[in-house]
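A.B. asks:
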Amino acid sequence: MARPRITLYLDTVSPFAYEAFYVLRHDPSFKAFEINYVPIFLGGLMKNCGNTPPMNIKNKDKWIAAERLRWAKAFSIPLKEDMPQNFPPLTLNTMRALAAIHTADGKNQGRLVRTLDVLFHKYWVDHTPTHETETLRSILTDILGEREAEEVLADAATVGKKALMENTDRAFDDGAFGLPWMICTNTEGQTEAFWGVDHLGQVLQFLGAEKPRQGGWKAVL
864 MARPRITLYL DTVSPFAYEA FYVLRHDPSF KAFEINYVPI FLGGLMKNCG
914 NTPPMNIKNK DKWIAAERLR WAKAFSIPLK EDMPQNFPPL TLNTMRALAA
964 IHTADGKNQG RLVRTLDVLF HKYWVDHTPT HETETLRSIL TDILGEREAE
1014 EVLADAATVG KKALMENTDR AFDDGAFGLP WMICTNTEGQ TEAFWGVDHL
1064 GQVLQFLGAE KPRQGGWKAV L
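Residue 864 is where the sequence shown starts when you use the working numbering, and the numbers rise one by one after that.
1. Spell out a yes or no on whether the region 866-880 and the region 980-990 are touching, meaning 3 or more CB-CB pairs, one atom from each, closer than 8 Å.
2. Just curious, the alpha helix (DSSP H) that Met909 is in, first and last residue?
3. Can you tell me whether Pro1043 is buried or exposed, with buried defined as 16 or more other CB within 10 angstroms of its CB?
4. Among residues of its own chain, excluding the 5 on either side of Thr1048, which ones have a beta-carbon nearer than 7 Å to its beta-carbon?
5. If you count every other CB in all the chains shown that lies within 10 Å of the CB of Thr1031, and 16 or more means buried, which is it?
6. Does the ligand ADP have a heavy atom nearer than 7 Å to the CB of Trp934?
7. Which one of Thr957, Arg974 and Asn922 has the shortest CA to CA distance from Ile1006?
8. Please confirm whether Pro952 and His990 have their CB atoms less than 8 Å apart.
9. Looking only at C-alpha atoms, which of Ala883, Ala865 and Leu979 sits nearest to Gly1059?
10. So what does DSSP say about Asn949, is it helix, strand or coil?
11. Using the Cα positions of Arg959 and Ala1020, report the straight-line distance between them to the nearest angstrom.
12. According to DSSP, is Ile920 helix, strand or coil?
13. Between the alpha carbons of Gln1068 and Lys1074, how many angstroms are there, rounded?
14. Quick test of your reading: Gly1071 and Thr1050, contact by CB under 8 Å. State the CB separation rounded to the nearest angstrom.
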């Protein structure tokens, strides 16, 4: 019998993608699942959908600022209270680098997950401008070493660019219109899509796992 699977589409620009990533990484409820993290470009997805960036919608920007803090508190997710300066940044180069790692390593997601751990924390906790070229280079060097970091940055302009476009198109084809977007397959081979950190309870239910009754789980669907 195959293990339940989750494909999580993400972009470091999204606070809710960060929160979903953090919960999937750290909550024991997800330890038994096979999880595939797929970098996409949220701006490209929005364009494909004809969707308006949420920060450009009147009142929604205020709701997002408050909602992200609610979920961070509920699940004890590290998150700075104020928004990063000049939000939202253009994460294209960052996501191309992540897509290059994702493509090079295939099913072995160790490097990708380590890099996501650091980039999400640097941006959403430390407010480091991870999208800036030299800042990204420095962060990748700290994680991977100078040689691997330079290889990733070189690949980002070619392999990563192509892979990111393909990943973004794949997310769109999978029904995505925002992040976090999750494609889940249970042990019976049934597949469903879920959107939002607030639907992680439904993810667990669909995958045949019992939703915990404590902490932030009391607030999720």
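The beta carbon of each residue, even a glycine, is placed where N, CA and C say it ideally should be. If you're wondering where the values come from, they're calculated on a predicted model, not measured in any experiment.
C.D. replies: Reading it off the structure:
1. yes
2. Working through the sequence shown from its first residue, we reach residue 909 at position 46. Leu905 to Cys912 is the extent of the alpha helix (DSSP H) around Met909.
3. Reading the sequence shown from its first residue, position 180 is the one you call residue 1043. So Pro1043 ends up on the buried side.
4. Against the sequence shown, residue 1048 aligns to sequence position 185. Correct list, in chain order: Pro867, Arg868 and Thr1054.
5. As a first step, residue 1031 is located in the sequence shown; it is residue number 168 there, counting from the start. Buried is the call here.
6. By its list of ligands, the structure shown contains no ligand whatsoever, and the ligand ADP lies outside what it can speak to.
7. For the purposes of this step, residue 1006 is taken as the residue at position 143 of the sequence shown. With distances taken between Cα atoms, Ile1006 lies closest to Arg974.
8. Residue 952 sits at position 89 when you count from the first residue of the sequence shown. Residue 990 sits at position 127 when you count from the first residue of the sequence shown. No.
9. Looking up residue 1059 in the sequence shown gives position 196. Ranking the options by Cα distance to Gly1059, first place goes to Ala883.
10. Locating residue 949 in the sequence shown gives position 86, counting from the first residue. Asn949 falls in the coil class under three-state DSSP.
11. Taking the first residue of the sequence shown as position 1, residue 959 is located at position 96. Taking the first residue of the sequence shown as position 1, residue 1020 is located at position 157. About 7 Å.
12. Position 57 of the sequence shown, counted from the start, is the residue given in the question as residue 920. It is coil, neither helix nor strand.
13. Here the question's residue 1068 lines up with position 205 in the sequence shown. Here the question's residue 1074 lines up with position 211 in the sequence shown. Looking at the two C-alpha atoms, the distance is approximately 7 Å.
14. What you label residue 1071 is simply residue 208 of the sequence shown in a count that begins at 1. What you label residue 1050 is simply residue 187 of the sequence shown in a count that begins at 1. So it is a contact: roughly 6 Å between Cβ atoms.
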